[in-house]
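Undergrad:
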Amino acid sequence: MTKTIIENGSIIDGTGSEPIQGIVVTDGDKIAYVGDASGYTKSGDETVIDAAGKTVLPGFIDTHIHMMFEYAPLEKRLTTPFSYMYYQAMKYMKATLDAGVTSVRDALGTDLGVKRAIDDGLINGPRVQLSINALTITGGHGDGMQINGDVLDISPSGYRGMPNGIADGVDEVRKKTREMLRAGAEVIKVHATGGVMSPTDHPEFTQYSFEELSAIVEEARFRKGVKVMAHAQGAEGIKNAVRAGVHSIEHGIYIDEEAIELMKEHGTYLVPTLLAPVSVLETADEVGMPQSAVEKAKEVIEAHKESFARAYKAGVKIAMGTDAGVFKHGTNLRELGLMVDDGMTPMDAIVASTKVAAECMGWEDKVGTLEEGKLADVVIVDGNPLEDVYVLADQGNIRVVIKGGQFVKQL
Ligand SMILES: [Zn+2]
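Following my numbering from start to finish, the sequence shown increments by one per residue and tops out at 538.
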């Protein structure tokens, strides 16, 4: 298989170590060497990439994404044929790769066929960890029934491969967890509280009880330690989820001091998705966002930033995730800019988007850092993100993206 040498670049390996000047060598789908050029003897048959003036990083990881949809005006959603969404998703996946994101955790809406098509090379896309669909209470964040009784799911469900997520009570959530696992879930997603996008609830509403969440966590754990990710925005719902043993808190808008202590004690990850409310407000008119979602996004935005800043300062583990799909795919790495705006160092934002994100997914053995033996997921970027982290947000600066040794973008 082909070898590639990336030389003359500044290498940020994702571990948090200071950048080095050196080379990265890929051999087939793996990283063969990272370090000083003098430590590697060229064989002459390598493809050589000159990264002078550029930064070489691990492929980025977005731990909260919805690969199969992008929020669109209601009329457009109602007039789009069902199967069209699969072809549309190919565009979203390309945009994600072009942004430098080579692995994602899908937080609902993507089925097993999509993952298999990527893995088999039928279509281009990032490596995906699937949740299939989120468990939700009747009338909760994931219940698409509107005030008039029509069901308008943000992404269709209830068809083969994508079970409907509504389940109430310990027995039903246990069965629903099993249904998601049967459909191919590698992580279980649950809506522990209300949210911004749902018509009849509020982010602070507690939805699943501690008992229900505990049953979901236990059922997932029985399957070789499958983890649970919880959409959790209000403080009580966050704490219920952490106490029940949920692996990651998604959004975490109203994290209080007690929640911070609990998260540290349990080793729970926070996936902030700071970009979500920001993007909802920016694109509200263009995509026909309901007024209730706009109002709630405005209401939560400051608390969200404060919660993130406090959790970061206190040492809660933070994995980068965006909620892309609720807004445009391919804008993912703006999230690092927002994290830095709220007090994170650029290096910590990069580590949160590489090494820690890989750990959050349980994929730390194969991706997340530039280290020998790991999969060759590499990104070459114009400029220095440690000086200006926003260079990552501009897709034009993402010059080369390599996934598993294959060039998926080269400008
Ligand atoms: Zn989401």
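C-beta atoms are modelled at their ideal positions from N, C-alpha and C, and glycine is treated no differently.
Please state the DSSP three-state secondary structure of Asp270.
TA: Here Asp270 sits in coil by DSSP.
Undergrad: If we ignore side chains and look at the alpha-carbon of each, how far apart do Val255 and Glu388 end up?
TA: If I take the Cα positions, the gap works out to 31 Å.
Undergrad: Measuring alpha carbon to alpha carbon, tell me which of Asp156, Ala411, Val405, Asp270 ends up nearest Asp328.
TA: With distances taken between Cα atoms, Asp328 lies closest to Asp270.
Undergrad: For ligand 1, which residues have a Cβ under 5 Å from at least one heavy atom, in chain order?
TA: Any residue whose Cβ sits closer than 5 Å to a heavy atom of ligand 1 makes the list: Ala234, Asp450.
Undergrad: Less than 7 Å between C-beta atoms, sequence neighbours within five positions excluded: which residues of the same chain meet that for Glu197?
TA: Once the five neighbours on either side are set aside, the close Cβ partners of Glu197 are Tyr219, Gly452, Lys455, His456.
Undergrad: Spell out a yes or no on whether the segment 209-218 and the segment 155-174 are touching, meaning 3 or more CB-CB pairs, one atom from each, closer than 8 Å.
TA: As far as the Cβ criterion goes, the segment 209-218 does not touch the segment 155-174, which means the pair count is below three.
Undergrad: So what does DSSP say about Thr265, is it helix, strand or coil?
TA: Coil at Thr265, not helix or strand.
Undergrad: By alpha-carbon positions, which one of Val421, Ser258, Pro330, Thr142 ends up nearest to Val407?
TA: Out of Val421, Ser258, Pro330, Thr142, Val421 has the C-alpha closest to the C-alpha of Val407.
Undergrad: So, Ile264 versus Ala310, is the Cβ gap smaller than 7 Å?
TA: No, these two residues do not count as a Cβ contact at 7 Å.
Undergrad: Tell me the residue span of the alpha helix (DSSP H) that contains Met220.
TA: Looking at the DSSP string, the run of the alpha helix (DSSP H) that includes Met220 is 211-225.
Undergrad: Helix, strand or coil: how does DSSP classify Glu134 here?
TA: Three-state result, Glu134: strand.
Undergrad: Smallest Cα separation from Lys157: which of Thr496, Asn459, Asp450, Gly321?
TA: The shortest C-alpha separation from Lys157 is found at Thr496.
Undergrad: As an exercise, report each continuous alpha helix (DSSP H) stretch of at least 4 residues that is fully enclosed by the segment 402-459, in chain order.
TA: Fully enclosed alpha helix (DSSP H) runs of 4 or longer: 402-414, 418-441.
Undergrad: Counting Cβ pairs closer than 8 Å, one from the segment 458-474 and one from the segment 410-417, do we hit at least three?
TA: Touching, no.
Undergrad: Between the C-alpha atoms of Glu562 and Glu514, what's the straight-line distance to the nearest angstrom?
TA: Residue coverage of the chain in this structure runs from 128 to 538, which leaves residue 562 outside it and unanswerable.
Undergrad: How about Gly554 and Asp504: do their beta carbons lie closer than 7 Å?
TA: Nothing in the structure corresponds to residue 554, since the chain is present only between 128 and 538.
Undergrad: What do you get for Ile274, buried or exposed, if any count of 16 or more other CB atoms within 10 angstroms of its CB means buried?
TA: Answer is exposed; the Cβ neighbour count stays below 16.
Undergrad: Determine the direct distance from the alpha carbon of Ser480 to that of Asn135, and round the result to whole angstroms.
TA: Computed Cα separation, rounded: 24 Å.
Undergrad: Which of the three DSSP states is assigned to Pro185 in this structure?
TA: Pro185 falls in the strand class under three-state DSSP.
Undergrad: Determine the extent of the beta strand (DSSP E) in which Ile529 is found, giving its start and end residues.
TA: Ile529 -> beta strand (DSSP E) spans 525-530.
Undergrad: Out of Val427, Lys242, Pro253, Ile133, state which residue places its alpha-carbon closest to the alpha-carbon of Ile188.
TA: With distances taken between Cα atoms, Ile188 lies closest to Pro253.
Undergrad: Considering only DSSP beta bridges, list what Asp534 is partnered with.
TA: Reading off the sequence, residue 534 comes out as Phe, not Asp. Paired residue(s): Ile529.
Undergrad: Can you tell me the Cα-Cα spacing of Glu385 and Lys366, whole angstroms?
TA: So the two alpha carbons sit approximately 8 Å from each other.
Undergrad: For a minimum of 3 consecutive residues, which ranges assigned as the beta strand (DSSP E) are wholly contained in the segment 371-407?
TA: Runs of the beta strand (DSSP E) inside the segment 371-407: 375-378, 396-398.
Undergrad: Once you ignore the five residues that flank Leu224 on each side, which residues in its own chain have a CB closer than 8 Å to its CB?
TA: The answer, listed in chain order, is Asn251, Gly252, Pro253, Val528, Lys530, Val535, Lys536.
Undergrad: In three-state DSSP terms, what is Gln522?
TA: In this structure, Gln522 counts as helix in the three-state DSSP scheme.
Undergrad: Quick one: grab the DSSP three-state call for Leu502.
TA: DSSP places Leu502 in strand when its eight states are reduced to three.
Undergrad: Going by beta carbon distance, what residues of the same chain come within less than 8 Å of Gly442, once the five residues before and after it are set aside?
TA: The answer, listed in chain order, is Lys391.
Undergrad: Below 8 Å, how does it come out for the segment 317-325 and the segment 343-362: are there three or more Cβ pairs, yes or no?
TA: With the cut-off at 8 Å, the segment 317-325 and the segment 343-362 touch.
Undergrad: Taking just the CA atoms, how far does Leu308 sit from Lys432?
TA: Near 34 Å, if we compare the C-alpha coordinates of Leu308 and Lys432.
Undergrad: Pop quiz: Asn511 and Thr182 are said to be a contact at Cβ under 8 Å. What is the actual Cβ separation, rounded to whole angstroms?
TA: With 8 Å as the limit, Asn511 and Thr182 qualify as a contact, their Cβ atoms being about 6 Å apart.
Undergrad: Could you check whether the segment 227-244 touches the segment 519-528, counting it as contact only if at least three pairs of C-beta atoms, one from each stretch, sit closer than 8 Å?
TA: Short answer: they touch.
Undergrad: Tell me whether the beta-carbon of Met194 lies closer than 7 Å to the beta-carbon of Asp233.
TA: For Met194 and Asp233, yes; Cβs fall inside 7 Å.
Undergrad: Considering Cα atoms alone, identify which of His393, Ile380, Tyr160, Val161 is closest to Ile372.
TA: The question names Ile, but residue 372 is Gly in the sequence shown. Residue His393 is the option with its Cα nearest to Gly372.
Undergrad: Is the beta carbon of Ala312 sitting closer than 7 Å to the one on Leu257?
TA: Closer than 7 Å, so yes.
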